[in-house]
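What follows is one structure encoded as structure tokens, with my remarks underneath.
In full-length UniProt numbering, the protein residues as written are 1 to 45.
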């Protein structure tokens, strides 16, 4: 399964909107959206 789909699947399974994991990870909800849609990746460091 694509990483992007897995992120969205896990978030939705927990009943979360994008702002909840964004706040927990100290990133913007737009970053979560980009990760889920494959437009951006996290840095590997």
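Idealized CB from N, CA, C, for every residue including glycine.
Because the structure is a prediction, the values reported are computed rather than measured.
For residue 8, same chain residues with a beta-carbon under 7 angstroms away, outside a window of 5 residues either side, are 36 in chain order. By the Cβ-count criterion, residue 24 is exposed, with fewer than 16 other Cβ atoms from all chains shown falling within 10 Å of its own Cβ. Residue 32 and residue 18 have their alpha carbons spaced roughly 6 angstroms apart. If you look at residue 4, you'll find it in the alpha helix (DSSP H) that goes 3-13.
Look at residue 30 here: in three-state DSSP terms it is helix.
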